[in-house]
Each structure stands twice: as structure tokens, then as C-alpha cells.
Amino acid sequence: MWTIRIRLIFVFVCSCLSMSLAQALTPAQALGMVQGETDSRLEVLNQALQEADAATAVFLQALADDAVKLAGKQVLVLRDGKAFDPVTASEIPLPALAEDVVSNNRMRGEIDAALAALKLLNPDDTIRLQAAMALAKEPDAAKLPLINKALKVEVNEQVKTALMLAKAAMAISVADPQERLQAAQTLGQAKSPEAQLLLNQQLSVETDPKVKAQITASLATIKSALAWGERLGVVFTGISLGSILLLVALGLAITYGLMGVINMAHGELMMVGAYATYVVQVMFRHYLPNMFDWYLLAALPVAFLTSALVGAVLERSVLRFLYGRPLETLLATWGISLILMQTVRSLFGAQNVAVENPRWMSGGIQLLSNLSLPWNRILIVLFALVVLIGMTLLISQTRLGLFVRGVTQNRAIASCMGVNTARIDTYAFALGSGIAGLAGCALSQIGNVGPDLGQGYIVDAFMVVVLGGVGQLAGTVYAALGLGVLNKFLEGWTGAVLAKIAVLVFIIVFIQKRPQGLFAMKGRSAEA
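In C-alpha cells, the structure reads:
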């Protein structure tokens, strides 16, 4: 492993440093970096970075890997059980009295930082960009010569801009006021949180009036630019929360909106879907480890079918005897929710279980310097849209959807026309429960999975259904997205608790003024 790493470093660094006239690593530099006090070793390290070559990178990696020994004045690099001269790379005998080179945490940190800085000379544009951005976040004036060297040979404009930002971050605290002034101007153009932090730190100690004025102006520019990122971030977070509420409420829109069943166990049906996802993950990890990144695709139908089966059993064994008796239905489903939670605790334990994101759901899209959209939340928004479209087509375009709408509007007439209303009730409740399972599968990708998972969403889901209009899918969509965005905007002003209270008060006032919700049912069904 160490040999492969050395070869990669040698190839990467040589390809870029061959264009410069910098001197190679000297025996004096190698010796100075391994003996003496930490301050003197660091001083030699910084000098070597100013004239860095491939041998310097290989030697620093050997120091980081504790693969360096010292025999008198001779520095040795160990590789594959053999000793090599760090300057000439020639093999030499390993003395019996050679001592290990010990580096404290401070020295190790500087070595790691130096290795990261040497990535500025990597032929890969992405690696150079990442290295420049890392140096801008943790500026060190000792790396300025390496920055300047990289700027001389850099051809990629994006990387060059990042290098200029890193250089400005290092120059903002130098002794020359003119350099600080130029650095403040450059950092103001960066419009990033890191630049804002550096300028705020320098403003507290700055004594030159011109530099201080420029820092203040740059901070105002950055604040104005970051404000848009914060606003868009709140909107995206609100849409993300709204999509989650939509997934949770879609199943409830059938069981409560279309069937009139106050199902207090709806949250626990979500929990069943989340635990089904966890079980599929465990099965893939043990039996199909090479296909682990695709476990979520298998978990979706499993979560749907598991929750649908549980819902069908509940409907046939308990709820079908309680139709038209809302209070008894509420109490019965509340008791069922407790049974389901205790069953899960007995099977999986009371602690949360870990559900991992596949690699293709990791990371995100960096739109602005302070706005990153995580892939897992983006995909959940798209997944909620797909589920909504599928459910809309199912209700409006299929035979089952026709029967569900017929039984909902007039059970007696539907029965007279040959519809098996008891079977349709079971199908509809299983469908709503299965969608709850899909919601649980999605929630497992962004939060903890535990026995109490459903308790945090059931009240919000009922509010969405009631606000949107009982039995109205379009109202459910508008209510879910609206409440999600409104809740996140209010959180920024009042905090999470007061935001929840404000949203609840808003819904109460709205229902008082418009009891039928955003979208009222049309026709005779509204009078039934």
C-alpha cells in the first residue's frame, strides 16, 4: 500500500514540477526535518516546500507513514523492508542501530498540511481545485511560495481563481498594509462564508484606516451575496420538509380523507416501512455485499408490501367492525400503534438502528458558496413527486380507483351496482398503508429509524389533510408544501418551538374561516 502511494505521489508531482527550475531535496533538509526541536524542524519543512520536488513529496509521505529512520547523520526511508536514501532514492544498507523518527501531533499536522499543499501541483484539475479550496479555509503564510509556484504553471481558470483566493487568505494578515488591502478586495469578491470569517477576524485587529474601510466594504458585499444563498436554502429546506409531509399525508389522504378512518397508527405503519428498509439493508450487507449500493431499490417494494400487508390485516381484523364510529376507531388505532411500537422494541430493541445511504445518494450539488443541496433530499423530493403522480393516476384512471371513489361517494349505490365494498375497503386501506411504508423508507435516508419514528409526523400529517381538504389530493399537495416552507421561514425568526405553535394557530384560524379546507368536495358528496 505504501509503495503504491509513493508511486502515485511521484508520478503526480514529477509531471508538474518538471516544468520548474526548483532545486531537489537536499540531505541537509532531510536531516533538519527529522531531528531537533519541533520549531526548527518546521522551519526546515517550510523551506523545503518553497523548493518542493517529487523527492520532497515522497519523503514527507514517508514521515507521515512513520517509515523514516535515523542512523547518526544518515536519514533512511524504509520501503518493502529495505532502506533508501531520501535524496538519491538509491538503496543503502540498514544499520542495526538506526532509530525511529518520532513526530508529535503538531509536526504531524504540518506534514499533512504540506502534503495537501503539494496537491496543488497534481495534474488532475479536481484535486488541484480541492487543494486550493482547503488552503483557503485554513490559510498558512508559510505556503505562499508554493501558491506562487502553482500560479505560474496553472492554466485552469477555476483553479487559478481558487489559488488567488487562497493567496489572499494568507496575505490578509501580513505586515504590509498594501498587501492586506489587496487581499481584502480579493476576499470581498469571493463571496463565501470562509472569506467572511477571515475578514471578520482581521477587522478586530486591523489598525490601518484604509484597510479597515476596505474590509468593511468587502464584508457588506459578502453579506449581501450570502443572503440570497440563505433565502434559497430556506426555500429548499421547506420544499424538502413539504415533500416528506406529502409522502406521509398521501397515505392518510386515503385512509382518512377517502375512507373517513381516523387512523392513529398511520405513523407506526411508516415505522414498519422504515424497519423493512433496515432489514433489506442488513440482508444485502450479509448476502450481497457487492450490490449494497442498490439495496434501496429492493427496499422500496418490500417496504410498500410489508406496510400494506399490516394495514390489510388491521382493516380485516379490527377496523371493518368500527366504520361510522370515529371515537372507537380513534381509540382502537391508538392502541394498535402502541402494540406495533412494542413489537418493534421486542424485535429490534429500543435503540435506533442505522440505515445507510447508498453511495449514489451521498454528497450534493454546490449551487452557491453557502448553498449545497444534498442528493438524498433532492431524490426524496423527486420520489414524492413520482408517488404523487402514481397515486393520482391510480385513483383517477384505474378500475380500483373508480371503485374507491364510488364507495367513498355513495357506498349503498356502489354496493347495489355489484361493487364488493368490503373488499374495496381492504384494498384502499392497504394502499394507504403501503404509501405510509414508502414514506418510512424515504425517511430512513435522512433521519434516525426507531420505534418512535411515526410519532413526530402523525399530527403534521393530519393537519396537512385537514388543511388541504378532506379527500382532495391537490389540496394535500398544496398544504404539505405550503406548511413546509412556512414552517422553515418561521423557524428562522422565532425558533422551532414557536414556529410549530404559530403554524398550529394559523391552521386553527384557517379552519374556523374555511372548514372545508383549501379544496372543498364538489357535488352531492359534500352534502352527505
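Here the numbering used here = 1-based position in the sequence shown + 984. Ideal placement from N, C-alpha and C gives every residue a C-beta, glycine not left out. As the structure is a prediction and not an experimental result, all values here were calculated from the model.
Contact belief for residue i with residue j at Cβ below 8 angstroms, rounded distance in angstroms
{"i": "residue 1059", "j": "residue 1070", "result": "6 angstroms"}
{"i": "residue 1054", "j": "residue 1085", "result": "6 angstroms"}
{"i": "residue 1096", "j": "residue 1048", "result": "6 angstroms"}
{"i": "residue 1155", "j": "residue 1146", "result": "Contact doesn't hold; Cβ gap of about 15 angstroms is too wide."}
{"i": "residue 1258", "j": "residue 1424", "result": "4 angstroms"}
{"i": "residue 1282", "j": "residue 1264", "result": "6 angstroms"}
{"i": "residue 1390", "j": "residue 1403", "result": "6 angstroms"}
{"i": "residue 1405", "j": "residue 1395", "result": "6 angstroms"}
{"i": "residue 1457", "j": "residue 1375", "result": "7 angstroms"}
{"i": "residue 1098", "j": "residue 1073", "result": "About 19 angstroms; that fails the 8 angstroms criterion."}
{"i": "residue 1426", "j": "residue 1364", "result": "5 angstroms"}
Identity of the residue in the options nearest residue i by Cα
{"i": "residue 1322", "options": "1361, 1266, 1251 and 1240", "result": "1251"}
{"i": "residue 1269", "options": "1340, 1168 and 1043", "result": "1340"}
{"i": "residue 1408", "options": "1419, 1418, 1387 and 1394", "result": "1387"}
{"i": "residue 1159", "options": "1135, 1182 and 1192", "result": "1192"}
{"i": "residue 1255", "options": "1421, 1448 and 1020", "result": "1421"}
{"i": "residue 1025", "options": "1087, 1215, 1064 and 1050", "result": "1087"}
{"i": "residue 1450", "options": "1231, 1499, 1105 and 1309", "result": "1499"}
{"i": "residue 970", "options": "1371, 1072, 1304 and 1052", "result": "For residue 970 there is no data in the structure shown, the boundaries of the chain being 985 and 1512."}
{"i": "residue 1276", "options": "1345, 1317 and 1368", "result": "1345"}
{"i": "residue 1035", "options": "1130, 1021 and 1089", "result": "1130"}
{"i": "residue 1165", "options": "1139, 1150 and 1202", "result": "1202"}
{"i": "residue 1211", "options": "1177, 1402 and 1379", "result": "1177"}
{"i": "residue 1217", "options": "1396, 1354, 1485 and 1363", "result": "1354"}
{"i": "residue 1333", "options": "1286, 1436, 1363 and 1247", "result": "1436"}
{"i": "residue 1106", "options": "1075, 1090 and 1140", "result": "1140"}
{"i": "residue 959", "options": "1128, 1163 and 1184", "result": "Only positions 985 to 1512 of the chain appear in this structure, which leaves residue 959 out of reach."}
{"i": "residue 1089", "options": "1023, 1081 and 1138", "result": "1023"}
{"i": "residue 1294", "options": "1382, 1317 and 1305", "result": "1317"}
{"i": "residue 1444", "options": "1373, 1231 and 1301", "result": "1231"}
{"i": "residue 1194", "options": "1213, 1215 and 1163", "result": "1163"}
{"i": "residue 1309", "options": "1240, 1280, 1137 and 1272", "result": "1240"}
Alpha carbon of residue i to alpha carbon of residue j, nearest angstrom
{"i": "residue 1110", "j": "residue 1470", "result": "38 angstroms"}
{"i": "residue 1559", "j": "residue 1327", "result": "Only positions 985 to 1512 of the chain appear in this structure, which leaves residue 1559 out of reach."}
{"i": "residue 1495", "j": "residue 1442", "result": "18 angstroms"}
{"i": "residue 1018", "j": "residue 1062", "result": "14 angstroms"}
{"i": "residue 1007", "j": "residue 1348", "result": "Residue placement at residue 1007 is flagged as unreliable, the pLDDT there being 49, under the threshold of 50; a coordinate-derived value is accordingly withheld."}
{"i": "residue 1516", "j": "residue 1478", "result": "With the chain covering only 985 through 1512, there is no way to say anything about residue 1516."}
{"i": "residue 1119", "j": "residue 1101", "result": "7 angstroms"}
{"i": "residue 1245", "j": "residue 1180", "result": "54 angstroms"}
{"i": "residue 1493", "j": "residue 1311", "result": "24 angstroms"}
{"i": "residue 1489", "j": "residue 1343", "result": "41 angstroms"}
{"i": "residue 1433", "j": "residue 1291", "result": "15 angstroms"}
{"i": "residue 1238", "j": "residue 1262", "result": "26 angstroms"}
{"i": "residue 1014", "j": "residue 1190", "result": "38 angstroms"}
{"i": "residue 1169", "j": "residue 1205", "result": "10 angstroms"}
{"i": "residue 1491", "j": "residue 1446", "result": "11 angstroms"}
{"i": "residue 1284", "j": "residue 1329", "result": "23 angstroms"}
{"i": "residue 1304", "j": "residue 1399", "result": "16 angstroms"}
{"i": "residue 1429", "j": "residue 1360", "result": "7 angstroms"}
{"i": "residue 1091", "j": "residue 1020", "result": "12 angstroms"}
{"i": "residue 1122", "j": "residue 1081", "result": "40 angstroms"}
Proximal residues to residue i (C-beta, below 6 angstroms), its chain only, five neighbours per side dropped
{"i": "residue 1187", "result": "1199"}
{"i": "residue 1235", "result": "1416, 1419 and 1420"}
{"i": "residue 973", "result": "Residue 973 is absent from the model: the chain starts at 985 and stops at 1512."}
{"i": "residue 1219", "result": "none"}
{"i": "residue 1104", "result": "1112, 1115 and 1134"}
{"i": "residue 1016", "result": "1028"}
{"i": "residue 1368", "result": "1227, 1230 and 1231"}
Chain B contact for residue i (CB, 9 angstroms cutoff)
{"i": "residue 1377", "result": "Within the model displayed, chain B is absent; a lone protein chain is all it includes."}
Contact set for residue i: own chain, Cβ-Cβ below 7 angstroms, skip 5 residues either direction
{"i": "residue 1468", "result": "1222, 1223, 1225, 1226 and 1229"}
{"i": "residue 1209", "result": "1175"}
{"i": "residue 993", "result": "Its pLDDT being 45, under 50, residue 993 is placed unreliably by the model, and the measurement read from it follows with that caveat. If we look at residue 993 and ignore the five residues flanking it on each side, its Cβ neighbours are 1041, 1042 and 1045."}
{"i": "residue 1448", "result": "1229, 1233, 1460, 1463, 1464 and 1467"}
{"i": "residue 1117", "result": "1146"}
{"i": "residue 1373", "result": "none"}
Identity of the residues DSSP links to residue i by a beta bridge
{"i": "residue 1355", "result": "1352"}
{"i": "residue 1067", "result": "1062 and 1076"}
{"i": "residue 1055", "result": "1058"}
{"i": "residue 1027", "result": "Residue 1027 is not bridged to any residue."}
{"i": "residue 1481", "result": "Per DSSP, none; premise fails for residue 1481."}
{"i": "residue 1433", "result": "1337"}
{"i": "residue 1083", "result": "1054"}
Cut-off 8 angstroms between Cβ atoms - residues of its own chain near residue i, not counting five sequence neighbours on either side
{"i": "residue 1475", "result": "1483"}
{"i": "residue 1142", "result": "1109 and 1113"}
{"i": "residue 1439", "result": "1251"}
{"i": "residue 1335", "result": "1434"}
{"i": "residue 1314", "result": "1246 and 1248"}
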